[in-house]
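Student:
In this note's numbering, the protein residues as written are 2 to 121.
1) Considering only the alpha carbon of each residue, which of 62, 53, 39 and 46 lies closest to residue 99?
2) Check residue 56 in the structure and name its three-state DSSP category.
3) Could you say which of 103, 107, 57 and 64 lies nearest to residue 90 if we only look at CA atoms?
4) I'd like to know whether the C-beta atoms of residue 58 and residue 24 end up nearer to each other than 9 Å.
5) Residue 49 and residue 26: beta carbons closer than 9 Å?
6) For residue 104, count the other beta carbons within 10 Å of its own beta carbon; 16 or more makes it buried, fewer makes it exposed. Which is it?
7) Taking residue 113 as part of the alpha helix (DSSP H), name the residues at either end of that continuous run.
8) Please say whether residue 41 and residue 101 have beta carbons closer to each other than 9 Å?
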């Protein structure tokens, strides 16, 4: 394997969601899907904690940081996405017509991502 091919493969591997991130992405989609106008960040975090507790998953001290990192990883126009050009993975967004920190999901894109073999 050439160095260029290795670097390309390593970059693709770093971009892929990790197993915990994948479950957080699925949970975020499930939390935001019923709310077409989005939810405030605080409400999203409360719902995410409730889902984690119900599923008997550990809630780390950095739980909210992890959830926000995953949101930003798949968010339209976020600086974290700089250099990642796959627009089909941009299924979260911040509605422009709302005040404050509101998160929302583009249902069609999110469902397509969940159904793709690359998601899990």
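Using N, Cα and C, we set each Cβ at its ideal position, and we do this for glycine too.
Tutor: Working from what's here:
1) Residue 99 has its Cα closest to that of 39, out of 62, 53, 39 and 46.
2) For residue 56, the secondary structure class from DSSP, reduced to helix, strand or coil, is coil.
3) Proximity to residue 90 across 103, 107, 57 and 64 peaks at 107, based on C-alpha coordinates.
4) Closer than 9 Å, so yes.
5) Residue 26 sits away from residue 49, with the two beta carbons spaced by 9 Å or more.
6) By the neighbour-count criterion, in which 16 or more other beta carbons inside 10 Å mark a residue as buried, residue 104 falls on the buried side.
7) Start and end: 108-116.
8) Result yes, Cβ atoms of residue 101 and residue 41 sit closer than 9 Å.
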